[in-house]
Structure formats: C-alpha cells, structure tokens
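Asks: Heads up, the sequence shown stops at 253 in the working numbering, and the numbers go up one at a time, no gaps.
Think of the CB as a built atom: it goes at the ideal place given N, C-alpha and C, for glycine as much as any other residue.
None of the values given here were measured: they were computed from a predicted structure.
Please read through the structure below; I'll follow up with questions.
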Amino acid sequence: KAADVLVKVHSKAIGELPYGGGTYDANDPASQLWIQLTGWHSILYAYEKYGPGKLTAQEEQEYWEACAIAAELQTCSPEDIPRSRAGVRAYFERMRPRLSASPIARQAMNHLLRSELVLPPTPWWAKPASLAVAKAQRIATIATMPRWMRELAGIRQARLLDVLIAPVMKSAFALAHLSPKAELRLLARLSPSTIPVIAPIKLGIPPRNEEVLTPAQARARYGYAKPAEAHRAFRARQAARVFDDGKAPSDQGLIESQDILGPLS
-11 KAADVLVKVH
-1 SKAIGELPYG
9 GGTYDANDPA
19 SQLWIQLTGW
29 HSILYAYEKY
39 GPGKLTAQEE
49 QEYWEACAIA
59 AELQTCSPED
69 IPRSRAGVRA
79 YFERMRPRLS
89 ASPIARQAMN
99 HLLRSELVLP
109 PTPWWAKPAS
119 LAVAKAQRIA
129 TIATMPRWMR
139 ELAGIRQARL
149 LDVLIAPVMK
159 SAFALAHLSP
169 KAELRLLARL
179 SPSTIPVIAP
189 IKLGIPPRNE
199 EVLTPAQARA
209 RYGYAKPAEA
219 HRAFRARQAA
229 RVFDDGKAPS
239 DQGLIESQDI
249 LGPLS
C-alpha cells in the first residue's frame, strides 16, 4: 500500500529541467534506479566505515539480493539491480558522465547536510551538544562521498577530517550499541520516525504475524498493481497538465494520500 501511495506522491515531481533542457519524472524507472542504488550503497558503505566492519562475501550477496526484492516496491526493475559491489561501482561509472550539478542541486545537497534542521526541539542548555552532533554528522557524511562528487556539489572538506571522524563515529555507535534502550534514545533524537519499526526488533518483541510475503505476493493478495504500472491514467493527466497545458502539477496525489502520510499542513 505504501509503495502504491508513493507512486501517487511522486506524480507531482514532474516537469521541465531548469538547466540543460529535458524533462524529469520522479516515477521514471531510471531515476528510481539511481535513487535506490545510491541509497543502498551508502547504507552499506556507512555501516562498514562507521560500524562493525566489512561484510563477508555471503552477507554482501544476501544484502544485494534483498535490495533486488525491495526494488519491486519501486518503478525500477529488479533485473537492473546489480548483485555485487563491483556491479554497483560499474553502474556509478556509467552514470558519472551524465551527472551535472545545477545551483539548485548544490543548494539542496548543502541543505540535506544540515541535520540540525531536522533534529527535534532542544532546550537551550543542550543546543551546543546538539549542534556538535549535527556537525559530526555532516563531517561523517561528507567523508563517505568520493572526491569527484564533492567537487561536483561544490563541497569542501579537509582530508584530515575524513580520517579523524571515523574513530569518533565508530566509538559513538559502539557505545550506543551496548544498550538497546540507549541506542533507541539516540535514534529517537536523530530519526524519530524509524522508532516504531526498529524498537520492536531491538527490544526482542515478537511480530504479531510471522508471515512474510514478497512484494509480488502482497500485490496479488491485496489487489495492487506493480508500481511501474500503477495509476497510469492519473500520471498521464499530470503529464498533459504540465507539458501540454503549461500548468503546475496537481496536488491530487498528495491530497488523496493524507490517510497514509498524514495531513499536508
């Protein structure tokens, strides 16, 4: 159901590129493939850099196989998901000549690096510590980015900081991991929306229903179309509204999704 809603939400992200010509569509399979692979690779890289260390060959194989299953919840094809780190790196190299960084993209990247903007409200006496955590997060995030991507985004960071942040983050995560409750308190500050999902796992609470369905099985049971085929008529109307009539995309998909996402305001 969430995957189906996501297609409707993404239908608003459609239009003409402000730089270089061309169009964009958040539901485009190629766009979804880029978003998913960069995200999954970043998770793996950060886990190994700041967490327990490198996965075994078998664990990594299982990881990418799981990613291919998760791709069934997006508009991209599971067949296009590489099944190894080398395959992902090859994909990045193919994409690299096609990438460009507009002023809007650079502004967005710098905005996303400011984690203090999404942290919950903090008492005045705790703000220095909160800002220090946000600064460490920014340094640690940039340290995972390749040099060519930093140059593209106009982001600078000393190589020394790249080196020094690793033991700091590894120690912080290792200490938090000693206590599931402490780990959850930290997570509640950094990413509150993940608590309902992660907390039962960390606390050893058994699931209400142990049945596990693949995305295909779930679609068949509950009557949903594949994401790539979902809401085609609505998406066609959005495209006509934007590209033929020159209007802004409709908010209809967002409005209809409020039962899942919550109110827009």
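1) Can you round the beta-carbon distance between Arg73 and Glu48 to whole angstroms, since I take them to be within the 8 Å contact cut?
2) Is the region 20 to 30 close to the region 58 to 74, with three or more CB pairs under 8 Å?
3) Pick from Leu5, Thr110, Ser159: whose alpha carbon is nearest that of Ser90?
4) Please report the residue range of the beta strand (DSSP E) in which Glu198 lies.
5) Using CA atoms only, rank isn't needed, just tell me which of Thr202, Ala204, Val185, Pro203 is closest to Pro195.
6) Starting from the Cα of Leu101, find the closest Cα among Gly27, Arg126, Ser253, Tyr79 and give me that residue.
7) In three-state terms, what does DSSP make of Asp16?
8) Taking just the CA atoms, how far does Ala221 sit from Val(-3)?
9) Pull the bridge partners of Glu338 from the DSSP assignment, please.
10) Report the three-state DSSP secondary structure of Glu127 (helix, strand or coil).
11) Taking buried to mean at least 16 other C-beta atoms within 10 Å of its own C-beta, is His99 buried or exposed?
12) When you compare only the Cα positions, how much space is there between Ser167 and Tyr33?
13) Looking at C-beta atoms only, is the number of pairs between the region 186 to 206 and the region 163 to 177 that lie closer than 8 Å three or more?
14) Which residues in the same chain have their Cβ closer than 7 Å to the Cβ of Ser103, if we skip the five residues on either side of it in sequence?
15) Which parts of the region -7 to 54 are runs of the beta strand (DSSP E), unbroken and 3 residues or longer, counting only runs that do not cross its ends?
16) Tell me the residue span of the alpha helix (DSSP H) that contains Gln62.
17) Excluding sequence positions up to five away, which residues of its chain have a Cβ less than 8 Å from the Cβ of Ala105?
18) Using only CA atoms, which one of Thr26, Trp136, Ala162, Ala128 lies nearest to Leu148?
19) Locate the alpha helix (DSSP H) running through Lys169, then write down its first and last residues.
20) Measuring alpha carbon to alpha carbon, tell me which residue in Gly9, Trp52, Ala45, Gly39 is nearest Gly27.
21) How is the alpha helix (DSSP H) around Phe161 delimited, first residue to last?
22) Taking only three categories from DSSP, how would you classify Ala74?
23) Closer than 6 Å by C-beta to Asp13: which residues in its own chain qualify, once you throw out the five before and the five after it? Chain order, please.
24) On the criterion of 16 or more Cβ atoms from any shown chain inside 10 Å, does Pro215 qualify as buried, or is it exposed?
25) Quick check: the Cα distance between Arg82 and Cys55, rounded to an integer number of angstroms?
26) Would you call Gln226 buried or exposed, if buried means 16 or more other Cβ atoms sit within 10 Å of its Cβ?
27) Going along the chain, which residues of its own chain have a beta-carbon closer than 7 Å to the beta-carbon of Leu191, five neighbours each way excluded?
Replies: Taking the coordinates as given:
1) 7 Å
2) yes
3) Leu5
4) No beta strand (DSSP E) contains Glu198, which DSSP labels as neither H nor E.
5) Val185
6) Arg126
7) coil
8) 14 Å
9) Because residue 338 is not part of the residues shown, which for the chain are -11 to 253, the question remains open.
10) According to the sequence provided, residue 127 is Ile. The question's Glu does not apply to it. DSSP places Ile127 in helix when its eight states are reduced to three.
11) exposed
12) 24 Å
13) yes
14) Ala122, Gln125, Arg126
15) 2 to 4, 11 to 13
16) Neither: Gln62 is in no alpha helix (DSSP H) and is coded neither H nor E.
17) Here the sequence assigns Leu to residue 105, which means Ala is not the residue at that position. If we look at Leu105 and ignore the five residues flanking it on each side, its Cβ neighbours are His99.
18) Ala128
19) 168 to 178
20) Trp52
21) 147 to 165
22) helix
23) Ile2
24) buried
25) 20 Å
26) buried
27) Pro168
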